[in-house]
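Peer 1: Below is a structure I'd like to ask you about.
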Amino acid sequence: MVIFPRSEAIEEFCEAVWMAHERGVDEVDLLPRFHADRAVPQEVLEQAEAEGLVQFEAGRVRFTQEGLELARAVIRRHRLADVLLFFALGMNSHEDRERITCQVEHTLQPELVDGICTLLGHPTHCPDGQPIPPGSCCEADSKNAQSVMHKLTWCEKGQQVQVRYIQPRRPDRLQRLIAFGVVPGATLTVEQTRPVFTIRLERSLLALEQDVAEDIYVVPSVVQEEKVEEAPLPRRSRFHWLRGFGRRARIDHRK
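The sequence shown: position 117 = 261 (our numbering), numbered continuously.
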């Protein structure tokens with residue numbers, strides 16, 4: 145048999161097997177329909193077996209360790225992209241999100257996947273309730289920051305903190321926070337906590353509704369403020385492509 149380079153078809157097959165196993169199904173004939181309209185092509189089955197990703201026995205399919213890791217990575221990319229589309233872009237239609245995630249799940253690089261995961265606060269489930277396999281970034285955050293990480297609303301006036309992640313309860317909130325540069329890695333200074341929670345981000349002041357501020361998780365900042373007339377702009381984080389700036393804004397969950 146001729147072995148071709150690993151293709152999207154192989155990744156989609158492994159994804160289908162993973163999803164079937166989640167439902168307790170391991171019969172080849174009962175796997176989810178390939179490309180939604182036909183059974184898995186025989187050549188894909190043969191290719192996956194030849195690459196050492198799966199093993200077949202008596203009409204049933206099970207993963208090898210390599211196949212399990214591949215399927216896990218594809219599922220993680222797919223479901224994290226789904227969360228991003230839902231929260232960051234406000235895309236409510238499952239069909240529209242599915243069309244896009246089925247494309248990007250094959251191209252997202254590991255560092256971008258971890259960046260999305262961190263931005264979204266290491267979500268455990270996608271909008272449809274399916275579990276998202278955790279990544280190394282989730283374990284690192286759990287070990288390194290759990291003891292010092294807290295909600296932004298716990299901060300006192302004058303405290304300088306760094307955004308760790310955001311867990312929005314509504315899609316539009318994440319969109320607004322991103323637009324003003326409130327992303328993981330951003331350094332904030334609490335200007336006041338009452339009557340309105342106000343933060344300084346670089347040269348901008350942002351007034352946050354209390355429940356919006358509760359969506360933001362922070363750790364103590366390691367950056368020391370210097371008393372200079374014009375502080376240099378900070379280095380761009382890996383989330384710079386998401387950022388926008390405003391001189392003074394109010395993020396209100398009612399809008």
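The beta-carbon is built from N, C-alpha and C at its ideal position, and this holds for glycine as well.
#1: Is it buried or exposed for residue 375, if we count other Cβ within 10 angstroms and need 16 for buried?
#2: Going by CA-CA distance only, name the one from 262, 331 and 333 that's closest to residue 282.
#3: Per DSSP, which residues does residue 201 bridge with? Please list them.
#4: Since residue 295 sits in a beta bridge, which residues does DSSP pair it with?
#5: Just to confirm my understanding: we take residue 363, look at its own chain, exclude 5 residues before and 5 after, and list those with CB closer than 7 Å. What are they?
#6: Please work out which residues of its chain come closer than 6 Å, Cβ to Cβ, to residue 162, disregarding the five sequence neighbours upstream and downstream, and give them in chain order.
#7: Can you tell me which of the three DSSP states residue 324 falls into?
#8: By how many angstroms is the C-alpha of residue 326 removed from the C-alpha of residue 317?
#9: With distances taken from CA atoms, which of 341, 200 and 348 is nearest residue 356?
#10: Measure the alpha-carbon distance for residue 209 versus residue 217 and round it to whole angstroms.
#11: Cα separation between residue 246 and residue 169?
#12: Any idea what DSSP makes of residue 346, helix, strand or coil?
#13: So, does the segment 151-165 touch the segment 184-198, judging by three or more C-beta pairs under 8 Å?
#14: Using C-beta distances below 7 Å, list every residue in its chain close to residue 165, excluding the 5 sequence neighbours before and after it, in chain order.
#15: Output needed for residue 365: all residues of its chain with C-beta closer than 7 Å, excluding positions within five of it in sequence on either side, in chain order.
#16: For residue 312 and residue 359, which I take to be in contact (beta-carbon distance under 8 Å), what is that distance rounded to the nearest angstrom?
#17: Quick check: the Cα distance between residue 250 and residue 319, rounded to an integer number of angstroms?
Peer 2: Taking the structure as given:
#1: Its pLDDT being 43, under 50, residue 375 is placed unreliably by the model, and nothing is read from it.
#2: The option with the nearest alpha carbon to residue 282 is 262.
#3: Residue 201 is bridged by DSSP to 204.
#4: Paired residues: 361.
#5: The residues are 289, 292, 293, 305, 306 and 308.
#6: Correct list, in chain order: 215 and 219.
#7: The three-state secondary structure of residue 324, taken from DSSP, is coil.
#8: Using only the alpha carbons, I get a separation of about 11 Å.
#9: It is 341 whose Cα lies nearest to the Cα of residue 356.
#10: When rounded, the distance between both Cα atoms is 12 Å.
#11: So the two alpha carbons sit approximately 22 Å from each other.
#12: Looking at residue 346 - three-state DSSP - the assignment turns out to be coil, as it is neither helix nor strand.
#13: Touching, yes.
#14: Cβ within range, chain order: n/a, list empty.
#15: So the list reads 304, 305, 306 and 331, once near-sequence residues are dropped.
#16: Residue 312 to residue 359, Cβ: 5 Å. Contact.
#17: Spanning the two alpha carbons is a distance of roughly 25 Å.
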